[in-house]
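Residue numbers (the numbering used here), protein chains in the order written: chain A, 8 to 241; chain B, 8 to 241. Beta carbons: idealized from backbone N, C-alpha and C, even for Gly.
2 protein chains.
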Amino acid sequence: MKPDNKGSNGRKQPKKTLVDHVYHEIQNRILYNIWGTGYQALEQELCEELGVSRTPVREALIRLQRDGLVNVVPRHGMRVLPISATDIQQIYQILTSLESLAVELAAARELSARDYKSLDTALKAMKIAQDASDLKAWAQADEDFHYHLVALSANRILIELVDSFWGRAQRARLTMLSIRNNPINSTQDHAKIVDAIRRGDSARARELIEGHRKRGASDLTELMEKHLNILQLS
Amino acid sequence: MKPDNKGSNGRKQPKKTLVDHVYHEIQNRILYNIWGTGYQALEQELCEELGVSRTPVREALIRLQRDGLVNVVPRHGMRVLPISATDIQQIYQILTSLESLAVELAAARELSARDYKSLDTALKAMKIAQDASDLKAWAQADEDFHYHLVALSANRILIELVDSFWGRAQRARLTMLSIRNNPINSTQDHAKIVDAIRRGDSARARELIEGHRKRGASDLTELMEKHLNILQLS
DNA sequence: ATGACAATTAATGGATACCTTAATGGATTT
DNA sequence: AAATCCATTAAGGTATCCATTAATTGTCAT
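See the structure below:
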């Protein structure tokens, strides 16, 4: 997701339309675990909670359902979908694949100095956060980096696709963050990827990010299996 | 998309809810080019056309918009999105990437005889259609084959994702089918892929499908550039 | 004649009212 | 006592209604 407050993430800015507002509000509550896995609410309850009528709620729910965040079943309202170890694994597999493509495309393009700047900025932020052991800032910078990477692919449809995946990925990431002991030194990985892009070596860039993601994913699943009891999953 | 009539494809089966009906109806009209690129209609017009009120129409439009088939802009109703050469290229890039992942996963799994059967059936259908020079049947069989391939990944989220992409992919494919001179002999490609899966050689399988898709994509874009004037693309 | 502003109109976003349907509990029958 | 069926009711699906806002057109002034 975009690091700024456009798109579907975010800080609560008064949105133009109520549907958007409801959408972002519910999304936030799910992503920041205010409404945890399994939380159920009827349309009417959501209306009262959010102070709007059923129309915007219903329309927001359609979008959220497509995002894979909730399930809407007649007579039982919406339900926040569980995110299992399997889900996380599958999500990371997909993200790996899509990001690999993005990086390959980015490396094959002519990038401007401005493009590199966005990557370098994120890289620097990661280093700073890592030195300060600021786990949250690190995660944010990591997210920014990966976002910019995808943006550089110049494949508009791909960017949208990854964006629409962001919610699920974010949930997976946040879930893991809570039990992740130390930030993996992926800062180095990232620097290498940027280098490969700079050299225009698309095959190598793809290789690198694929390895990076796969390592990340296997770390995550390993952690999950260890801490499965702690997490309120499934 | 599933070759049978479940999911979002399809033959017009009387759906349970009006929203579903409207969704499928509009989707069909777009996919089968009854409403071509650039077609515009106000919500009210859609209501009259389909004989329902605005509510189901609006809810269906949200889904269609997410599918990338239409754009809904206030005061101008919905508009069938153009599909440009660039779009087709980008869509194929993404599909290539996702299918590569799917094949890799499939090859790494233990597949049942039943699984292979679904592939073999599609393969056989392709051969028959090819011998009969039945372009339409060939395209259908090709689609079936690729669908089954993805299904064998056992990555539920991936399957859904590709499925939701189906509409756009289908439009790209149909657009191309009209100007495609002869079915590329991808039947051989397919057979090789199935072989690799059978041997459990996931890397090779991935390589093969990636090559297959990339060749297909470049053929398509080449064709598009030649015939750009024929197509009503934007 | 052209541009700007205002009045009109029409389409959307949102609220509400209505109707259909499914879950629940109780009653009746075996 | 258990099972089945019916009645009740609440939730969701759909239609309609209202308010807001943007497009359009017409008029007036420069």
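Counting C-beta neighbours from all protein chains within 10 Å, is the total for residue i 16 or more, i.e. buried, or is it exposed?
i: His31 of chain A; result: buried
i: Asp151 of chain B; result: buried
i: Ala224 of chain B; result: buried
i: Ile200 of chain B; result: buried
i: Arg180 of chain A; result: buried
i: Glu66 of chain B; result: buried
i: Lys13 of chain B; result: For Lys13 of chain B, the pLDDT reaches just 37, beneath the cut-off of 50, and the residue's location in the model is therefore unreliable, leaving the point undetermined.
i: Gln34 of chain A; result: buried
i: Thr24 of chain A; result: exposed
i: Leu227 of chain A; result: buried
i: Arg222 of chain B; result: exposed
i: Arg205 of chain A; result: exposed
i: Arg175 of chain B; result: buried
i: Arg220 of chain B; result: buried
i: Arg70 of chain B; result: buried
i: Asp11 of chain A; result: Because the pLDDT at Asp11 of chain A is just 43, under 50, the model does not fix this residue reliably, and the value given afterwards should be weighed accordingly. With fewer than 16 Cβ atoms within 10 Å of its Cβ, Asp11 of chain A is classed as exposed.
i: Leu53 of chain A; result: buried
In the structure shown, what three-state DSSP assignment does residue i receive?
i: Asn35 of chain A; result: helix
i: Arg2 of chain A; result: For residue 2 of chain A there is no data in the structure shown, the boundaries of chain A being 8 and 241.
i: Val80 of chain B; result: strand
i: Ala139 of chain B; result: coil
i: Ala161 of chain B; result: coil
Does the distance from the C-beta atom of residue i to that of residue j stay below 9 Å?
i: Val110 of chain A; j: Ile41 of chain A; result: no
i: Gln137 of chain B; j: Leu38 of chain B; result: no
i: Val77 of chain B; j: Leu88 of chain B; result: yes
i: His28 of chain B; j: Leu57 of chain B; result: yes
i: Ser104 of chain A; j: Ser107 of chain B; result: yes
i: Ala203 of chain A; j: Arg211 of chain A; result: yes
i: Ile90 of chain A; j: Thr44 of chain A; result: yes
i: Gly207 of chain A; j: Ala115 of chain A; result: yes
i: Leu159 of chain A; j: Ala120 of chain A; result: no
i: Gln100 of chain A; j: Leu165 of chain B; result: yes
i: Thr194 of chain B; j: Leu130 of chain B; result: yes
i: His155 of chain A; j: Leu184 of chain A; result: no
i: Met85 of chain B; j: Leu68 of chain B; result: yes
i: Arg73 of chain A; j: Arg73 of chain B; result: yes
i: Ile135 of chain B; j: Ala146 of chain B; result: no
i: Ala92 of chain A; j: Glu214 of chain A; result: no
Would residue i pass as an interface residue toward chain B - the criterion being a Cβ-Cβ separation below 9 Å?
i: Leu53 of chain A; result: no
i: Asn162 of chain A; result: yes
i: Thr228 of chain A; result: no
i: Met231 of chain A; result: no
i: Leu112 of chain A; result: yes
i: Ser15 of chain A; result: Confidence at Ser15 of chain A is low in this model, with a pLDDT of 39, below 50, so its placement is unreliable and the value that follows should be read with caution. Not one chain B Cβ lies under 9 Å of Ser15 of chain A.
i: Ser104 of chain A; result: yes
i: Ile200 of chain A; result: no
i: Arg175 of chain A; result: yes
i: Arg178 of chain A; result: no
i: Arg243 of chain A; result: Shown here, chain A extends from 8 to 241; a query on residue 243 of chain A therefore has no answer.
Is any beta-carbon of chain A found at less than 9 Å from that of residue i?
i: Gln34 of chain B; result: no
i: Glu117 of chain B; result: no
i: Leu76 of chain B; result: no
i: Asp244 of chain B; result: This structure gives no information on residue 244 of chain B, because the portion of chain B shown stretches from 8 to 241.
i: Ser107 of chain B; result: yes
i: Lys140 of chain B; result: Note that residue 140 of chain B is Ser in the sequence shown, not Lys. By this cut-off, Ser140 of chain B is not an interface position.
i: Glu150 of chain B; result: no
i: Asp122 of chain B; result: no
i: Gln100 of chain B; result: yes
i: Leu165 of chain B; result: yes
i: Gln97 of chain B; result: yes
i: Arg82 of chain B; result: no
i: Tyr94 of chain B; result: Note that residue 94 of chain B is Asp in the sequence shown here, rather than Tyr. Yes, Asp94 of chain B lies at the interface with chain A (some Cβ there is under 9 Å from its Cβ).
i: Leu70 of chain B; result: Inspection of the sequence shows that residue 70 of chain B is occupied by Arg rather than by Leu. Output row for Arg70 of chain B: interface = yes.
field: chain A contacts made by the region 204 to 224 of chain B, where a contact means CB separation under 9 Å
entry: none
message: Along the region 36 to 66 of chain B, where does the CB come closer than 9 Å to a CB of chain A? Name the residues.
response: Thr62, Arg65, Glu66
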